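J.: Quick one: the structure is below, and I'll ask about it shortly.
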Amino acid sequence: MHEILLIEDNADDVDLTLRALRKNKIANDVIIVRDGVEALDYLFAAGQYAGRDPAALPQVVLLDLKLPRLDGLQVLERVRANPKTRLLPIVILTSSTEQRDLLTGYTLGANSYIRKPVEFEQFVDAVHQLGLYWLLLNQRPPLP
Amino acid sequence: MTPGALSSTDGVRLLFAGNPLPMWLYDLETRAILEVNAAAVAHYGYSRDEFLRMRLDDIRTDEDAGRHRLRDGRIIEVDTASQAVDFGGRPAALQVVHDLTARRDSERALERSEARKAAIVESALDCVITMDAEGRVVEFNPAAERTFGYCQSDVVGRPLADLIIPPDLRQKHRDGLARHRETGHHTVLGRRLEMRAMRANGAQFPVELAITQIRGSGGQALYTGFVRDISDRKRAEEDLRLLNAELEERVRLRTTELQAAADELEAFSYSVSHDLRAPLRSIDGFSQALAEDAGSSLPAEAKGHLDRIRAATQRMAHLIDDLLSLSRVARSPMTRERVDVTDLAGRILAELGRQSPDRMVRLTIAPAMMASGDPRLLRVALENLLENAWKFTTGREDARIEVGQTQDGSAPVFFVRDNGAGFDPAYVGKLFTPFQRLHASSEFPGTGIGLATVRRIMHRHGGRVWADGQPGQGACFYFTLE
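Chains as they are written, first to last, in my numbering: chain S, 6 to 149; chain E, 199 to 680.
In structure tokens form, the structure reads like this:
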């Protein structure tokens, strides 16, 4: 079972996301990285993740937009620019409903754009749908 | 010619009777007119019989022998020639009259016209300068004297080029004049020109001028230039140009400042959208987690407190969303298109109906309402108004919502009317102010931002919004878009 990569700097959001995944009985491993640079290091097996098998890509990436160092849209841009990760499923999971974030996100090649609802039950429901779709229904792109 | 007898041969009669010049014969002693010819009768208007009863002095005016009075009273100027003759033994004179009136009249008209022209040239505000084909000054009017600082008497006969044309343009002037003399070709006649001129003191200044070619009395070519000092105008133009440049610079600066403010607002809204919501998610999420994890061990009162924390979180989230929407309305770019208000209202109400299928509301939407505005902003405004109408008619058995249009002068006025809770007209001023509510949240939920948003949208269109209502009797909101 492939893991989920959660790119999120807010510890509360990390805990709540993990809780929502648990409540939905999603058992995939969750890799948590706290900023854009760490996210790219993980995906490209660089820096602190230099020993990792670069061919092993997550099933889905949950990407927050507001991140320290490199922000979410910059991460997206670099992931799409690299042939190895060009087709990696990336779901933007953010507070923002700003038009320009939506537009830039989709333009840069996000697969989905989900706004984190304030109400936790709605969030649990969103994670349920997300897991159902990206972890069960969706076929992974072939390895490059 | 010596006095002689007037014979009555045919030839003589013809010379007298048929002569085209008025003639008569008068007695030298009595000055009585003895005979007149047909030309005199025709010219003076007296019949022959009348003439023969008159004396020469009856024709002459008292003061002047060179002026004759016609039968109709008109005075003519004449030149006469007389010849003494013998008429049947009496000393008489034959007088021929040459009427000079027409020639004198035209001479006087010419004099008057010359005088008028001189007066115009003398008093003209523009410089009038005439030169001959060799470029020598012929005429230099007082305005030219004032403008250039030369006296007419000093400049007449001198080459114009050396006087009022700046040194660097003189050769060009001479060449042009020479070319015109040789080929008739010209580039300056009959056009309005602008160029530099020079005063006696050497100062150069801008002039506009027009040059026409005329013929002098001897048929020689003359060139008259009408020259106007446009220093003041040029200075005003330059001032205006500087002022415009300065204004543009100021506008540019203000625009930059405005853009900076807009960018700051944008960044602020963006930050609000992200950062203000994140803690709310934590509050709600962990309250929920606590309720779930502590579960049965929590006393009912504590559970109630958690519910209230979560309700407050939801209200705060709505506030943030509405504030963001208000700020988005203010800063989003605007277009103007034809918008089908009837269709838009129908869609919004249909959606509201789907969200609360248990509600029974009688809807009336006037047909074919069209507005000119930004489609997205108009949708936001109508959504707010119709959601309000929907909300405030909750609980009414006979709920009614009407969307219609009236006219205020030439501008269409749209309205949304309901028979819901209404409002106290004493507080109508508060309706459109952000965060002001006229109903308790427990009664009708809301953040108090919707109508502020509507007002901002109308203002952005150059229109306005107003309302009337009574408590318990419904409300009506009107708006215009121009």
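Quick reminder that beta carbons are idealized off the backbone N, C-alpha and C, glycines included.
Computed from a predicted model, the values in this text were never measured in an experiment.
What is the DSSP secondary structure of A215(E), reduced to helix, strand or coil?
T.: Here A215(E) sits in helix by DSSP.
J.: Which class does E233(E) belong to by DSSP, given the choice of helix, strand or coil?
T.: DSSP places E233(E) in strand when its eight states are reduced to three.
J.: Mind listing the chain S neighbours of T533(E)? Cutoff is C-beta to C-beta under 8 Å, in chain order.
T.: Here the premise fails: no neighbours, minimum Cβ distance about 15 Å.
J.: In chain order, what residues of the same chain have a beta carbon less than 8 Å from the beta carbon of L113(S), not counting five sequence neighbours either side?
T.: Excluding sequence neighbours, L113(S) sits near L78, L81, E82 and R85.
J.: Taking only beta-carbon positions, decide if H472(E) is within less than 7 Å of chain S.
T.: Chain S contact via Cβ: present.
J.: Within 10 angstroms of the Cβ of A650(E), are there 16 or more other Cβ atoms? Answer buried if so, exposed if not.
T.: The residue is buried, with at least 16 neighbouring Cβ atoms inside 10 Å.
J.: Quick check: the Cα distance between R433(E) and E406(E), rounded to an integer number of angstroms?
T.: Those two C-alpha atoms are separated by around 14 Å.
J.: Once you ignore the five residues that flank L268(E) on each side, which residues in its own chain have a CB closer than 7 Å to its CB?
T.: Taken in chain order, the residues that qualify are Y242, G243 and I274.
J.: So F621(E) packs on V663(E), CB below 8 Å; how close in whole Å?
T.: So it is not a contact: roughly 14 Å between Cβ atoms.
J.: Could you pull out every unbroken beta strand (DSSP E) segment of at least 3 residues lying fully inside the segment 521–566 of chain E, listed in chain order?
T.: Those beta strand (DSSP E) runs which fall completely within the segment 521–566 of chain E and span 3+ residues are 535–538 and 560–563.
J.: Distance cutoff 7 Å, beta carbons only. Does Q553(E) sit that close to anything in chain S?
T.: So, not an interface residue.
J.: Would you mind working out which of M567(E), M568(E), G216(E) and E233(E) sits nearest Y224(E), comparing C-alpha positions?
T.: Comparing Cα positions, the closest option is E233(E).
J.: Measure the CB-CB distance between L387(E) and I363(E) and report whether it falls below 7 Å.
T.: Cβ atoms of L387(E) and I363(E): not closer than 7 Å.
J.: Using 10 angstroms around the beta-carbon of R653(E), count the other beta-carbons present and answer buried if the total reaches 16, otherwise exposed.
T.: Classification for R653(E): buried.
J.: Which residues bound the beta strand (DSSP E) around S117(S)?
T.: S117(S) -> beta strand (DSSP E) spans S117 to R120.
J.: If you measure from the beta carbon of Q457(E) to each beta carbon in chain S, is any gap under 7 Å?
T.: No, because no Cβ of chain S sits closer than 7 Å to the Cβ of Q457(E).
J.: Is V132(S) helix, strand or coil when you go by DSSP?
T.: V132(S) falls in the helix class under three-state DSSP.
J.: Give the secondary structure of H384(E) by DSSP, where H, G and I count as helix, E and B as strand, and everything else as coil.
T.: Coil at H384(E), not helix or strand.
J.: If you scan the segment 257–337 of chain E from start to end, which runs of the beta strand (DSSP E) of 3 or more residues do you find wholly inside it?
T.: The segment 257–337 of chain E contains these whole beta strand (DSSP E) runs: 265–267, 273–285, 288–297 and 325–330.
J.: Mind checking whether D69(S) and I12(S) have CB atoms under 7 Å apart?
T.: A contact, by the Cβ cut-off of 7 Å.
J.: With a 10 Å radius around its C-beta and 16 neighbouring C-beta atoms as the bar for buried, classify K370(E) as buried or exposed.
T.: Looking at its Cβ environment, which holds fewer than 16 other Cβ atoms inside 10 Å, K370(E) is exposed.
J.: Express the C-alpha separation of R74(S) and R634(E) in angstroms, rounding to a whole number.
T.: Checking the sequence, you will find Gln at residue 634(E) rather than Arg. Near 41 Å, if we compare the C-alpha coordinates of R74(S) and Q634(E).
J.: For a quick check, are the C-beta atoms of T591(E) and G618(E) less than 7 Å apart?
T.: Yes, they are a contact pair.
J.: Let's test the definition: count the other Cβ atoms within 10 Å of the Cβ of S101(S) and tell me whether it reaches 16, buried, or not, exposed.
T.: Answer is buried; the Cβ neighbour count reaches 16.
J.: Which residues, in order along the segment 37–70 of chain S, keep a beta-carbon less than 8 Å from a beta-carbon of chain E?
T.: If the cut-off is 8 Å between Cβ atoms, the segment 37–70 of chain S has L70 near chain E.
J.: From the DSSP secondary-structure annotation, give me the bridge partner or partners of R700(E).
T.: For chain E, the structure presents residues 199 to 680; residue 700(E) sits outside this window and is missing.
J.: Have a look at the DSSP bridge pairing and note the partners of S415(E).
T.: Answer by DSSP bridge pairing: none, since S415(E) is not bridged.
J.: Looking at I655(E): is its Cβ nearer than 7 Å to the Cβ of A579(E)?
T.: It is a contact, given that the beta carbons lie within the stated cut-off.
J.: Of the residues that make up the segment 467–491 of chain E, which ones have a beta carbon closer than 7 Å to any beta carbon in chain S?
T.: The segment 467–491 of chain E vs chain S, Cβ under 7 Å: Y468, S471, H472, R475, A476, L478, R479, S480, D482, G483, Q486 and A487.
J.: Using the rule of at least 16 other Cβ atoms within 10 Å of the residue's Cβ for burial, across every protein chain shown, is T259(E) buried or exposed?
T.: Exposed is the call here.
J.: In chain S, which residues lie with their C-beta within 9 Å of the C-beta of T511(E)?
T.: Per Cβ cutoff of 9 Å: V123 and E124.
J.: Rank F346(E), V335(E) and D270(E) by C-alpha distance to the C-alpha of S429(E) and give the top, closest one.
T.: Nearest C-alpha to S429(E): F346(E).
J.: Tell me whether P623(E) sits in a helix, a strand or coil according to DSSP, three-state version.
T.: If DSSP states are grouped into helix, strand and coil, P623(E) belongs with the helices.
J.: Scan the segment 8–83 of chain S and note each continuous alpha helix (DSSP H) run of 4 residues or more that stays entirely inside, going in chain order.
T.: The qualifying runs are 16–28 and 41–48.
J.: Return helix, strand or coil for E392(E), following the three-state DSSP convention.
T.: Strand at E392(E).
J.: Does any CB atom of chain E fall closer than 7 Å to the CB of D17(S)?
T.: Cβ-Cβ to chain E under 7 Å: yes for D17(S).
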